[in-house]
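Encoded as structure tokens, the structure appears first; notes follow it.
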Amino acid sequence: MIAVGSGPAGLSAAAAFRARHPELRVQILTADPAMPYAKPPLSKEFLCGRDHHVDLHTPDWFDRRRLELVRGITVDHVDLDAREVITRGGRRYPYWNLVLAPGAIPVPLDVPGAENALQLRSLADAVTIRMAALQARSAVVIGGGLIGCEAAACLAGSGIATTMVAGEPVPLQRRFGLDAGERIAKLLSDCGVRFIGPARVVEVRDDGVTLDDGGCLDGDLVVAATGVRPDARLAESADIRTEGGRIVVDAHMHTSAPNVFAAGDVALAHNIAAGRRIPTEHWRDAADQGEIAGASAAGYPTAWGKVPGFHCAIGEARLKYRGWGIGYEHTRLVDHRDGFTIWYEASGEVVGVLSLNADDDYRLAAELVGTHVPVSD
Ligand SMILES: Cc1cc2nc3c(=O)[nH]c(=O)nc-3n(C[C@H](O)[C@H](O)[C@H](O)COP(=O)(O)OP(=O)(O)OC[C@H]3O[C@@H](n4cnc5c(N)ncnc54)[C@H](O)[C@@H]3O)c2cc1C
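Residue numbers (this note's numbering): 2 to 378.
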């Protein structure tokens, strides 16, 4: 069995397969030169300088399980007829079962000087930003998504004058609505982040950025947190079915090709609790899907039915989301003394919840979202 990618999806696929077949060969081929690491801390504890330990497993962990981890190797294409993956250097790796878990790649910042902006996608990126932050007095974060918010709060918390520029009036409005955006803007402001939006960066200079209204912002450090898109190129070039740039899989993570599975950010998987395909870009969901892909490849298929979710850290605040992520019709805001709950509803059902300091609501949502219970007033 081969897993392409050493993120949570690839790793759990390999481990799940190994647990069911102690004797068969299992290889993990990954473009990342680093030992597998946790990504969520990169924009939180690691960037804030609070924790440097992001390794997921020691080399010994892989050795004991006889999982062959081949790092710094890019798979270029999949030959379905020969049942081989071929690397950029032309090396061929035969497979019997294949799990594609290449994750997502950053959406490029398409403006002059974009090469002056740093990205935050890998451990190497996070180290580079931390090094640059040591010298910086000012920073600009381009993009108001989850990673941008976390990174901006960390930089401001390190004493760097930090401005976030986003295309929306408040951060995360498109994804979570105005009520959520206003509250997230307040959290950022409490951390010392200045927010500018809606605005567009038209140029990145080596000392800051220029905005579409002609204004200039100082930034010794500029971070482009402009989002990601799933990397389905391996599937597309092999004529494996994709939709909206993701690899289509059933609830067992099986693709349209024989013995080929996909999991994680790249997958558009059928969720049996939702009754439809759900895209996710979260750590826990990628690990869950990888586990299912590995078990299915081993001949023990289980079905994906968990409700996706994630946590987001803005300074000391911990936002928690549970839900299908897309397709809500309206929202219901409940403010609490030191937090809030936003219920997302569609067709008379709860389809998601975003909460701050409201763990009872968060737990209740996990039950309601998965079970299609009608909304009660
Ligand atoms: C800074 C940061 C913070 C995050 N914070 C959170 C959070 O708080 N909560 C949360 O739920 N999610 C968070 N995420 C998102 C989460 O990390 C992803 O959803 C998750 O890592 C997806 O897992 P994956 O296995 O699908 O892909 P990835 O983890 O992206 O792994 C993909 C792997 O495939 C390899 N690869 C790609 N192409 C090839 C190829 N052609 N050949 C060989 N190898 C290849 C890559 O090198 C990599 O090892 C964060 C992400 C980042 C970057």
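Beta carbons: idealized from backbone N, C-alpha and C, even for Gly. Quick caveat, the model's predicted, so the values are computed rather than measured.
Relative to the alpha-carbon of residue 330, which residue among 346, 318 and 336 has its alpha-carbon at the smallest distance? Each of 346, 318 and 336 was checked against the Cα of residue 330, and the nearest Cα belongs to 346.
Given a cut-off of 8 Å on the beta-carbon distance, is the pair residue 12 and residue 291 in contact? With contacts defined by Cβ atoms closer than 8 Å, residue 12 and residue 291 form a contacting pair.
Same chain, Cβ closer than 7 Å to residue 255, five either side skipped, listed in chain order: Correct list, in chain order: 262 and 297.
Would the C-beta of residue 53 count as close to ligand 1, meaning under 7 Å from any of its heavy atoms? No.
Neighbour-count burial assignment, residue 207, 16 or more Cβ in a 10 Å radius: Answer is exposed; the Cβ neighbour count stays below 16.
Name the DSSP beta bridge partners of residue 354, please? Per DSSP, the beta bridge partners of residue 354 are 323 and 344.
Give me the Cα-Cα distance between residue 95 and residue 233, rounded to the nearest whole angstrom. If I take the Cα positions, the gap works out to 20 Å.
So, for residue 286: in the same chain, excluding its five sequence neighbours on each side, which residues have a beta-carbon less than 6 Å away from its beta-carbon? Excluding five sequence positions before and after residue 286, the CB atoms of its chain that fall closer than 6 Å to its own CB belong to 309, given in chain order.
Using 8 Å as the Cβ pair cut-off and three pairs as the minimum, do the stretch 218-228 and the stretch 158-175 touch? Yes: the two stretches touch, three or more of their Cβ pairs being nearer than 8 Å.
So who's on the other strand from residue 311, going by DSSP bridges? According to DSSP, which records beta bridges pairwise, residue 311 is partnered with 322.
Determine the contact status of residue 73 and residue 32, defining contact as a CB-CB distance below 8 Å. At the C-beta level, residue 73 and residue 32 come within 8 Å of one another.
When you compare only the Cα positions, how much space is there between residue 188 and residue 316? Cα to Cα, the separation comes out at about 8 Å.
Simplified DSSP assignment, three categories, for residue 240: In the three-state scheme derived from DSSP, where H, G and I count as helix and E and B as strand, residue 240 is classed as coil.
Local Cβ density within 10 Å of residue 247, reported as buried at 16 or more and exposed below that: The C-beta of residue 247 has 16 or more other C-beta atoms within 10 Å across all chains shown, which makes the residue buried.
If you follow the alpha helix (DSSP H) that residue 18 is part of, which residue opens it and which one closes it? Taken as a continuous stretch (DSSP letters only), the alpha helix (DSSP H) holding residue 18 covers 9-21.
I'd like the list of long-range same chain contacts for residue 367, defined as Cβ closer than 7 Å, with 5 residues on each side in sequence excluded. Cβ within range, chain order: 308 and 323.
Beta-carbon separation of residue 227 and residue 236 under 8 Å? At least 8 Å separates the beta-carbon of residue 227 from that of residue 236.
Quick one: any contact between the stretch 60-67 and the stretch 148-158, if contact means 3 or more CB pairs under 8 Å? Too few Cβ pairs lie closer than 8 Å, so no.
Indicate whether residue 42 and residue 265 have their beta-carbon atoms separated by less than 8 Å. 8 Å or more divides the Cβ of residue 42 from the Cβ of residue 265.
Taking all protein chains shown into account, do 16 or more other C-beta atoms lie within 10 angstroms of the C-beta of residue 120, making it buried, or fewer, making it exposed? Counting Cβ neighbours within 10 Å, residue 120 comes out buried, since at least 16 surround it.
CB of residue 256 to nearest heavy atom of ligand 1: below 7 Å? False, no ligand heavy atom lies under 7 Å from that Cβ.
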